[in-house]
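Visitor: Chains as they are written, first to last, in UniProt numbering: chain A, 1 to 374; chain B, 1 to 79; chain C, 1 to 401.
For glycine and all other residues, C-beta sits at the position ideal for the given N, C-alpha and C.
Take this structure, written in structure tokens, and hold onto it; I'll ask about it next.
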């Protein structure tokens with residue numbers, strides 16, 4: 001199998017699409033229901049917090065750009081504990097990541113566009129697409145991202161510009177009406193969807209970038225682009241729809257696209273705009289799924305991950321159908337369980353690895369024993 | 001019945017697409033992994049067709065992280 | 001070989017899946033609803049839907065045997081039920097995405113419109129861009145039966161005419177679903193919707209005769225604004241008050257008003273731009289409202305002689321008079337709403353919430369009962385007359401007896 005190498009620009013684009021995917025659909029509503037018209041402040045605060053988290057996640061990557069998260073865990077926890085931890089991580093990520101995002105796109109389609117279509121049909125078709133992409137490998141995904149990203153930008157910017165005439169600035173006032181306290185939970189919910197899951201990228205990128213020493217910078221740039229896009233979409237939701245309707249709607253960004261109306265002529269283009277969410281959600285699912293596929297092949301010492309993709313994709317699609325029994329369950333899960341889960345996996349876990357790494361350096365001789373007995 | 005037939009046909013197609021190449025290149029580890037995951041997948045799909053209502057697997061994650069969630073909501077970090 | 005087989009298989013699967021959208025509906029299977037109305041009749045909903053007939057709209061030889069639109073009516077305990085029951089009379093399923101107008105009759109409005117609105121905001125087929133109005137003195141069903149000239153589909157006539165009259169006359173206003181829901185859920189502003197009446201002969205209005213002559217006997221006309229307390233209709237503003245209300249809410253594009261001359265006759269002034277600012281103040285722990293309105297206009301017509309329009313002083317005089325007039329009429333509408341309706345339809349509370357969020361928390365609960373009826377308002381109008389039209393001094397000055 002040849003060695004996969006992608007360029008720095010591709011890293012940035014993949015990171016940006018990964019950041020935006022799924023967040024663009026669900027983040028505005030969740031944040032507006034907590035922070036009301038101050039959701040944009042929470043988004044800024046969340047982005048600040050997000051970059052601190054990203055710094056922790058990227059620390060190991062920066063020190064040794066060729067070893068990925070799976071290898072670090074095995075090295076620092078010892079072989080068997082490391083493998084167990086990795087398996088648990090991959091299993092929970094599999095359920096919480098691609099399976100839920102795939103279901104999310106199913107819900108979105110059945111609510112907004114194809115209400116009587118069985119959700120299975122949408123999940124299987126979109127899942128098949130992700131399987132195809134992942135089986136072809138990271139290089140193909142990265143090139144596809146490079147091709148599709150301009151389209152995403154075009155749609156996103158045109159939507160923003162077309163909505164300028166609908167903006168009501170008074171929707172954003174009064175600033176900090178109920179004080180600063182709702183900002184924190186809103187920022188946390190932002191981080192849990194837009195930044196904490198970046199841990200997945202630490203499985204994918206190490207060893208796969210052609211200029212690996214600078215790869216961390218590319219991740220930062222991609223995240224910044226992603227965060228800016230999310231800031232814009234949250235701001236627009238608040239300014240155009242108002243905090244109340246943003247919070248009440250399942251998918252405010254789709255509602256935004258419905259509001260576009262230039263002179264009773266350029267209107268009803270939300271289905272075109274939906275292409276934007278398809279692009280980003282595709283990369284979100286594919287990157288999650290790719291990380292899990294190569295993670296599993298590493299745990300079981302399987303050299304070639306490709307034969308695993310189709311069976312795993314089958315499991316993904318099958319599980320995704322019943323991952324959320326109903327929509328209120330999904331909302332509850334996003335709000336209460338997903339947040340602590342991603343904090344554990346996306347922040348505490350790399351932090352523990354970092355501390356262990358630091359300890360090893362300080363006690364170079366003892367550490368071998370410690371990790372065996374731990 | 002139709003569902004089970006679809007599952008069987010899809011499984012056959014996947015095996016036919018993947019297995020010959022792996023056999024030719026003697027990737028035995030890959031074959032074991034492939035078969036194991038395919039069996040799990042078929043199992044889940046069969047369970048879905050036979051039992052109508054399968055509890056969602058994320059409830060396991062829910063049980064583990066419930067205390068953490070409570071703790072965060074005490075600080076007002078989750079609403 | 002295997003590749004080709006796999007490709008064929010893929011194509012079969014894709015064609016099977018893609019060709020059959022579950023609820024694919026072609027244009028010729030749809031009944032496109034352009035207007036819908038809900039009446040509250042004997043504690044039940046009566047849903048009326050005006051459906052455009054495509055052939056009649058596009059055909060060049062207008063005035064065929066068929067009307068341009070048709071009407072379906074069904075009753076039900078819920079609107080959803082009524083809309084599905086409609087398939088008993090309609091040959092096709094009603095498609096609501098192209099709805100332009102949504103009408104509710106007075107009985108429905110007095111009963112409460114919120115339960116109607118939830119369906120509209122929840123169902124995916126309704127887009128948020130149609131206008132809502134209240135029919136006055138007639139049910140929505142009767143209103144939707146009137147034939148119209150110029151725009152053959154009555155719903156389009158209603159839509160266009162509401163838009164133009166909002167822009168050019170300012171006594172009516174367009175309200176979309178999301179704006180209405182924002183007003184309903186805001187604690188500091190109560191909703192207002194435009195009223196719609198049938199003038200003239202209703203019975204002829206329903207027939208083709210209505211559009212056969214130059215003079216149409218029955219017409220649809222927007223009239224006044226319906227005042228709501230939360231989601232229930234409690235009264236109406238007349239035309240004059242409606243215009244002044246719209247001035248305060250600040251979204252008037254253009255309108256016409258006049259000042260009496262010194263002798264007899266009037267000077268007509270066309271307003272071109274308005275901009276109003278509401279600002280809350282707390283004076284001695286009591287709320288006060290500053291309303292600042294900046295307007296710009298042109299002289300539209302002069303009916304009296306003896307007016308020297310080349311003199312800047314005259315213009316200044318006219319401006320001052322205009323300001324005085326407007327101030328008085330704005331004060332009267334605020335007074336009327338404060339004493340008669342006792343609900344804050346102006347959004348004064350909303351303005352307070354934005355400028356004094358902390359004090360508002362305390363006033364919020366009793367705003368309509370305690371604070372709003374006694375709220376002191378300071379109205380400042382700044383009127384600027386910019387141009388005098390294509391002429392300067394009126395020729396009336398030179399008509400000598």
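Which residues bound the beta strand (DSSP E) around residue 34 of chain C?
Guide: Annotation for residue 34 of chain C: the continuous beta strand (DSSP E) segment containing it runs 30-41.
Visitor: Quick one: what's residue 286 of chain C bridged to in DSSP?
Guide: C:283
Visitor: Can you tell me where the alpha helix (DSSP H) holding residue 138 of chain C begins and where it ends?
Guide: Note, residue 138 of chain C: premise wrong, no alpha helix (DSSP H); not H, not E.
Visitor: So for residue 1 of chain A, helix, strand or coil by DSSP?
Guide: In this prediction, residue 1 of chain A scores a pLDDT of 46, lower than 50, which makes its location untrustworthy; the coordinate-derived value is nonetheless stated afterwards. Looking at residue 1 of chain A - three-state DSSP - the assignment turns out to be coil, as it is neither helix nor strand.
Visitor: By the 9 Å beta-carbon criterion, what residues does the region 8-24 of chain B contribute toward chain C?
Guide: From the region 8-24 of chain B, only 13, 16, 17, 20 have a Cβ closer than 9 Å to chain C.
Visitor: Relative to the C-alpha of residue 64 of chain A, which candidate in A:359, A:354, A:307 has its C-alpha closest?
Guide: A:354
Visitor: For residue 397 of chain C, which residues of its own chain have a beta-carbon under 6 Å away from its beta-carbon, when the five flanking residues on both sides are left out?
Guide: Only 305 meet the Cβ criterion.
Visitor: Which full runs of the alpha helix (DSSP H) of 4+ residues lie inside the region 150-194 of chain A, going along the chain?
Guide: 183-194
Visitor: Express the C-alpha separation of residue 399 of chain C and residue 310 of chain C in angstroms, rounding to a whole number.
Guide: In this structure, the CA atom of residue 310 of chain C is about 18 Å from the CA atom of residue 399 of chain C.
Visitor: For residue 185 of chain C, would you say it is in contact with chain A, using Cβ-to-Cβ distances shorter than 8 Å as the test?
Guide: At least one C-beta of chain A is nearer than 8 Å to the C-beta of residue 185 of chain C.
Visitor: Here's the rule I'm using: 16 or more other beta-carbon atoms within 10 Å means buried, otherwise exposed. How should residue 409 of chain C be labelled?
Guide: Nothing about residue 409 of chain C can be reported from this structure: the residues present for chain C run from 1 to 401 only.
Visitor: Applying a beta-carbon distance threshold of less than 9 Å, which residues of chain B neighbour residue 6 of chain C?
Guide: 13, 16, 17
Visitor: Over the uninterrupted alpha helix (DSSP H) stretch that includes residue 74 of chain B, give me the two end residues.
Guide: 58-74
Visitor: Residues of the region 154-183 of chain C in Cβ contact with chain A at a cutoff of 8 Å, in chain order, please.
Guide: 178, 181, 182
Visitor: Looking only at C-alpha atoms, which of C:283, C:280, C:319 sits nearest to residue 294 of chain C?
Guide: C:319
Visitor: Rounded to whole angstroms, what is the Cα-Cα separation between residue 72 of chain A and residue 315 of chain A?
Guide: Distance from the CA of residue 72 of chain A to the CA of residue 315 of chain A, rounded to the nearest whole angstrom, comes to 27 Å.
Visitor: Please tell me whether residue 122 of chain A has its Cβ less than 8 Å away from any Cβ of chain B.
Guide: For residue 122 of chain A, the answer is no, since every Cβ of chain B falls outside 8 Å of its Cβ.
Visitor: Compare the beta carbon distance of residue 407 of chain C and residue 126 of chain C with 8 Å and say whether it is the shorter of the two.
Guide: Not covered by the structure: residue 407 of chain C. The range shown for chain C is 1 to 401.
Visitor: Measure the beta-carbon distance from residue 37 of chain C to residue 106 of chain C and round it to whole angstroms, keeping in mind my assumption that it falls under 8 Å.
Guide: About 12 Å; that fails the 8 Å criterion.
Visitor: From the DSSP output, read off the bridge partner residues of residue 225 of chain C.
Guide: C:194, C:237
Visitor: Which whole runs of the alpha helix (DSSP H) in the region 64-114 of chain C are 4 residues long or more, in chain order?
Guide: 79-85, 106-111
Visitor: Let me make sure I understand the geometry here. Which of A:313, A:15, A:244 has the alpha-carbon closest to that of residue 379 of chain A?
Guide: There is simply no residue 379 of chain A to check, as chain A begins at 1 and stops at 374 in what is shown.
Visitor: When the Cα atoms are used, what is the spatial distance from residue 140 of chain A to residue 79 of chain B?
Guide: 41 Å
Visitor: Tell whether a beta-carbon distance below 8 Å holds between residue 221 of chain C and residue 199 of chain C.
Guide: yes
Visitor: Taking residue 239 of chain A as the reference, which of A:256, A:362, A:225, A:8 has the closest Cα?
Guide: A:256
Visitor: Give me whichever residues DSSP pairs with residue 198 of chain A in a beta bridge.
Guide: DSSP output for residue 198 of chain A lists no bridge partner at all.
Visitor: Using a Cβ-Cβ distance cut-off of 8 Å, determine whether residue 54 of chain C contacts chain A.
Guide: By this cut-off, residue 54 of chain C is not an interface position.
Visitor: Determine whether the Cβ of residue 374 of chain A lies closer than 8 Å to any Cβ atom of chain C.
Guide: Low local confidence applies: a pLDDT of 40 at residue 374 of chain A is under 50, so the model's placement there is unreliable, with the coordinate-based value given in what follows. No, residue 374 of chain A does not count as interfacial toward chain C.
Visitor: Using a Cβ-Cβ cutoff of less than 6 Å, which residues in the same chain neighbour residue 21 of chain A once the five nearest sequence positions on both sides are dropped?
Guide: 280, 281, 283, 284
Visitor: If you count every other CB in all the chains shown that lies within 10 Å of the CB of residue 107 of chain A, and 16 or more means buried, which is it?
Guide: buried
Visitor: What is the DSSP secondary structure of residue 124 of chain C, reduced to helix, strand or coil?
Guide: coil
Visitor: Answer with yes or no whether the minimum CB distance from residue 102 of chain A to chain C is below 8 Å.
Guide: no
Visitor: Which same chain residues, not among the five before or five after residue 82 of chain A, have their C-beta less than 6 Å away from its C-beta?
Guide: So the list reads 73, 74, once near-sequence residues are dropped.
Visitor: At least one CB of chain A closer than 8 Å to the CB of residue 84 of chain C: is that the case?
Guide: no
Visitor: What does the alpha-carbon distance come out to for the pair residue 91 of chain C and residue 134 of chain C?
Guide: 29 Å
Visitor: Excluding the 5 residues preceding and the 5 following residue 367 of chain A in the sequence, name in chain order all residues of the same chain whose CB lies nearer than 8 Å to its CB.
Guide: At residue 367 of chain A, the pLDDT of 46 sits below 50, so the modelled position is not reliable; the number obtained from the coordinates is stated separately. Correct list, in chain order: 359, 360.
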